[in-house]
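Residue numbers (the working numbering): 373 to 1051.
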């Protein structure tokens, strides 16, 4: 995804240039904390220095920027009221600035935020513009729009499709960099709407770029305005599969069991960055501090733990690349192997006798120190996760999850759900497990559901009556066919906005083989290893559409064997025709999966001579899988596993944001401020 990274860098540097920042200028770049990680994925610090940025400051520390008549200030922030007000508050007292402050909204301007500047009377001191950075390359095979939890709530609870415009624009930008994607598959109402919207916008781009007086913002400057220059004559992706998140609500509700998944569950990963205990990071200063802390621990038992943000960057952290897609049960062995390897390489210093040998060892020393630092970081993270996984509540959560997924329902499971509420377990964890039970089992008996709802409201607050309604609206919390008097008030207005999932999970267990009994977590042969026996239904659907993995060869016509003169059949070259990306042959599998109808579309290539020129790319088969409403780390790991398997097809994920069950539930939890109307 180097093209995308280069595009991000060029976009920011061009914006800085328009703001009057140039080499040798005195400029400060102020960045919203939520965007700092995102920008660092595409823009190197050296490039900013060369462009004239003297220093980078977090938006939270904006007040530390000293006023100066020669200072140029550029602020990069999200178009939200809180961030806009922070800049306005600083501008009110920044009268001595000699240059207007340039405020760049990512990815677009907001009328509401512009009004904040107008109402404060500081419009003359600012220049407001957009910084169209929407797709972030979290890895070579993972792209994200980083819409957080907003997209899931907007699309599926509020029925607000406005974010689809942003996704469609992002898809056009991706095709402007990597070529037209000819085959479009999808499942779900929003997926279908997005596909149509993207095709319409593509037609508009084609029409406008053919006009001599117009140019497209999607392409780089060119001497010609033909569509060929907007969408290059190549095909890095031969297909795209767009999935509504409602195709599979079970997977995000499950506790993830890969290393990266558990890091996200326990620590929370934000644009590849994670906040960890400062002691996890190997630096001389930290080691001295740890020793001092250990000495003084008896005197200050309740001293606050210092944390630091670190990047889980697979480009520089090769150990993380080894660990992230593993089932957590295998992590300890890999860490031990790396520890022994590093120690063995360190011990080679004793064998260095000649000057040449000593020089070679010194040359390796820097790399070894880096390896030791990454080993310490991931060993510390793994130890912290292990503490969580050894907690009795975690094991009960996991036991209930695995039994329910397998269809083993026993009365004590509901007793445990009631117990979680009674002992005031964290709300998100409680609602997540109750929702998982309800979705997989097709609902909860009316009387038991009534009791659970009453206890939730009494334990966590009356405002969660709205939360329960939100869960009901998405069929995450439903009763079995019988209804109760208490259930009626919670369904005032519209009923569930998504077709109930009751019959669906039971019906897809066998056809999609989502439960796999014999899992080799050390040498996995199926994607089910990511949940120790459960295969994400969303990824199974991708397998079926592309004919890889569990569904290798499904939906293809057999080739008739050649017949010799004597009548004996000889094996033909290849057992089956090449499997094209399609729902053809797997229609019934797509039908048992919830979330709306499946569809197929095609979009024409811009240049009629494209096919002839791109014949060299015939063997290159890459599918872009787009999740509308977010995807989990385990789904990404599953698709990486398929990319390594038979079939020769690679997968790249594009998502509106990275998701965990807790984040998904949190997007549906009604906050007190939302209920009272306070801001």
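Ideal Cβ placement from N, Cα and C applies to all residues, glycine included.
Beta-carbon proximity list for residue i, same chain, < 7 angstroms, skipping 5 on both sides
| i | result |
| --- | --- |
| residue 389 | none |
| residue 653 | 680, 682, 749 |
| residue 442 | 398, 470 |
| residue 400 | 426, 427, 429, 437, 443, 445 |
| residue 710 | 691, 747 |
| residue 684 | 641, 644, 646, 692 |
| residue 702 | 893, 894 |
Expected contact under 8 angstroms - CB spacing of residue i and residue j to nearest Å
| i | j | result |
| --- | --- | --- |
| residue 477 | residue 1002 | Not confirmed; about 23 angstroms, so no contact. |
| residue 424 | residue 393 | 5 angstroms |
| residue 910 | residue 623 | 6 angstroms |
| residue 634 | residue 757 | 5 angstroms |
| residue 621 | residue 848 | 7 angstroms |
| residue 416 | residue 1032 | Contact doesn't hold; Cβ gap of about 30 angstroms is too wide. |
| residue 546 | residue 570 | The pair is not a contact, with the Cβ atoms about 10 angstroms apart (cut-off 8 angstroms). |
| residue 760 | residue 766 | 6 angstroms |
| residue 902 | residue 1010 | 5 angstroms |
| residue 458 | residue 434 | 6 angstroms |
Segment limits, alpha helix (DSSP H) that includes residue i
| i | result |
| --- | --- |
| residue 836 | 836–845 |
| residue 792 | 783–794 |
| residue 1037 | 1033–1038 |
| residue 647 | No alpha helix (DSSP H) contains residue 647, which is instead part of the beta strand (DSSP E) from 645–649. |
| residue 624 | 622–625 |
| residue 769 | 764–778 |
| residue 383 | 374–390 |
| residue 693 | 690–695 |
| residue 821 | 818–832 |
| residue 636 | 631–638 |
| residue 716 | 703–719 |
| residue 544 | 535–550 |
Proximity to residue i [Cα-Cα], best of the options
| i | options | result |
| --- | --- | --- |
| residue 746 | 773, 689, 645, 706 | 689 |
| residue 923 | 899, 580, 904 | 899 |
| residue 604 | 617, 908, 548, 650 | 548 |
| residue 520 | 812, 513, 508 | 508 |
| residue 1053 | 762, 781, 541 | Look at the range of the chain in this structure, 373 to 1051, and you will see that residue 1053 is not part of it. |
| residue 803 | 615, 1035, 581, 441 | 1035 |
| residue 552 | 1006, 1031, 996 | 996 |
| residue 1021 | 952, 1006, 965 | 952 |
| residue 832 | 577, 838, 842, 799 | 799 |
| residue 678 | 546, 649, 719, 1008 | 649 |
| residue 1016 | 610, 896, 838, 490 | 896 |
| residue 431 | 406, 487, 439 | 406 |
| residue 889 | 880, 878, 480, 906 | 906 |
| residue 489 | 699, 779, 882, 463 | 463 |
| residue 537 | 563, 554, 514, 556 | 563 |
| residue 744 | 715, 753, 762 | 715 |
| residue 1024 | 418, 550, 530, 472 | 550 |
Contacts around residue i, its chain only, beta-carbon distance under 8 angstroms, and the 5 residues preceding and following it disregarded
| i | result |
| --- | --- |
| residue 411 | 380, 384, 403, 448, 505 |
| residue 413 | 377, 380, 508, 509, 510, 643, 644 |
| residue 481 | 451, 500, 501, 502 |
Beta-carbon contacts of residue i that lie in its chain and below 6 angstroms, excluding the five residues immediately before and after
| i | result |
| --- | --- |
| residue 387 | 476, 503 |
| residue 1043 | none |
| residue 806 | 789 |
| residue 532 | 526 |
| residue 823 | none |
| residue 999 | 615, 1027 |
| residue 1037 | 800, 803, 804 |
| residue 639 | 646 |
| residue 1041 | 839 |
| residue 852 | 815, 817 |
| residue 1013 | 899 |
Where the beta strand (DSSP E) through residue i begins and ends
| i | result |
| --- | --- |
| residue 973 | 970–974 |
| residue 1021 | 1021–1027 |
| residue 515 | 514–516 |
| residue 556 | 555–559 |
| residue 797 | First-last for residue 797: undefined, no H or E at that position. |
| residue 683 | 679–683 |
| residue 1008 | Taken as a continuous stretch (DSSP letters only), residue 1008 belongs to no beta strand (DSSP E), being part of the alpha helix (DSSP H) at 1005–1015. |
| residue 400 | 399–403 |
| residue 613 | 611–616 |
| residue 913 | Per DSSP, residue 913 belongs to no beta strand (DSSP E); it is in the alpha helix (DSSP H), 909–918. |
| residue 994 | 993–1000 |
| residue 961 | Premise fails: residue 961 lies in the alpha helix (DSSP H), 959–964, not in any beta strand (DSSP E). |
Subject >> Every unbroken alpha helix (DSSP H) inside the region 412–498 [4 residues or more] >> reply: As far as the region 412–498 is concerned, its whole alpha helix (DSSP H) runs of at least 4 residues are 417–423, 453–464, 483–491.
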